[in-house]
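J.:
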Amino acid sequence: MTLADHTLHRPVGRPAGAAAQAAHEPLPVGPALLFCPGDRPDRFAKAAARADAVILDLEDAVAPGHKQAAREAVAAHQLDPARTIVRLNPPATADFTADVTALAALRPRWVMLPKAGSIAEVDRLVAAIPSAKVLVLCETSRGILAAPALAAHPDVVALMWGGEDLVADLGGTSSRGEDGSYREVVSHARTAVLLAARAHGRSAIDAVHLDLADHDGLRAEAVDAAASGFTATACLHPDQVGVVRAAYAPSAEEVERARELLDAAERAGSGVFAHDGRMVDGPLLRHARTLLARAAAIAPGTDPAASAGGPSAASTYVDPSAAPAAPPAPAASTDTDVRPEKETLR
């Protein structure tokens, strides 16, 4: 039995290098989303080429005096609309009104609404840009509490969360403790957004990792995100993209174990059965099918268990265990100008 026999239907005709999610995902772009400042059109194509989707940012990455230039640049971009997300300014600002006016003729497919807090704000965005499907960014206490209602909106395709703006909104001073892990309230917000998104069948995007040199920390968070049900992680620097892709890619050993489990289930027939010393039932079989679907989406038509030889980073499965111990340091890259929003490194 082949990998394809166990996996969900896969989309065809995906752009080269796109690590597409399973066909049922409302935002089927891949696991690594890269922010790019909206006022740097010279970087748009480079960012899009490096990541599964690019987020052209009109909000935190753009200084107030550059907002209009950014709108004009984003409105004129020639990137693939299926892999391009535009982040607007918050809905309560004059910049939001200017953004939607400038973008109406572009008819963007994916639009990110920052500091979302009500379905009325989503309605306002969709009324101004009817072509848009919305990624809501829950990054205030109001937004976290509204996450279930936002996820239920028919024009919302994904939810993302943000820790630094949330802590600022709460009147706090740091999203992480001394050991680098999220504070309890921040972890709660992350979980709440994930649960709201998946309860309503929406894609879920994990927050950026601010320490650009901390690839180990990013890798650990991305591995946890993928295992927990997030469908993507946002990146601030192109050097983070490879780390995220590798974290979301099942290893060859995981793929083989999942395949063996599903083969054993077919031999056992219906009901609970024992495999490798543990009891197996429906949820564990769903875990295995999800893992195989993710592996097949990362390398359409390729059996990941047989591709440990030396895969191309552009379009084939990458076994994380075969990756270099540490990706290149961010300082070595000159491909994308990065402004890590208004947040500070921990």
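Heads up: the sequence shown at position 26 corresponds to 49 in my numbering, and the numbers run straight through without jumps.
C-beta atoms are modelled at their ideal positions from N, C-alpha and C, and glycine is treated no differently.
1) Give the single residue among Val97, Leu160, Thr116 and Pro177 whose Cα lies nearest to the Cα of Asp188.
2) Which term fits Arg309, buried or exposed, when burial requires 16 or more other beta carbons within 10 angstroms of its beta carbon?
3) Using a threshold of 8 Å, state whether the C-beta atoms of Leu50 and Val180 are closer than that.
4) For Arg132, does the three-state DSSP call read helix, strand or coil?
5) Could you tell me the alpha carbon to alpha carbon distance between Arg73 and Arg213, rounded to whole angstroms?
6) Is DSSP giving His298 helix, strand or coil here?
7) In chain order, which alpha helix (DSSP H) runs of at least 4 residues are fully inside the region 136-192?
8) Counting only the same chain and skipping the five closest in sequence on each side, list residues whose C-beta sits under 7 Å from that of Asp118.
9) So if DSSP puts Val303 in a beta bridge, which residue, or which two residues, is it bridged to?
10) Just list the residues that DSSP pairs Val109 with in beta bridges.
11) In the DSSP output, what is Arg199 paired with across the bridge?
12) Between Ala230 and the rest of its own chain, which residues show a CB-CB distance below 6 Å, the 5 nearest in sequence each way excluded?
13) Residue range of the alpha helix (DSSP H) that Thr124 falls in?
14) Helix or strand or just coil, what does DSSP make of Ala99?
15) Using the Cα positions of Arg282 and Leu315, report the straight-line distance between them to the nearest angstrom.
T.: According to the structure shown:
1) Leu160
2) exposed
3) Yes.
4) Reduced to three states, the DSSP call for Arg132 is coil.
5) 26 Å
6) strand
7) Runs found: 142-151, 164-168 and 170-175.
8) Lys90 and Asn112
9) Phe296
10) Beta-bridge pairing links Val109 to Leu79 and Val134.
11) Tyr205
12) Counting only Cβ-Cβ distances below 6 Å, and skipping sequence neighbours, we find Trp184, Gly185 and Gly186.
13) Ala117 to Leu126
14) coil
15) Those two C-alpha atoms are separated by around 8 Å.
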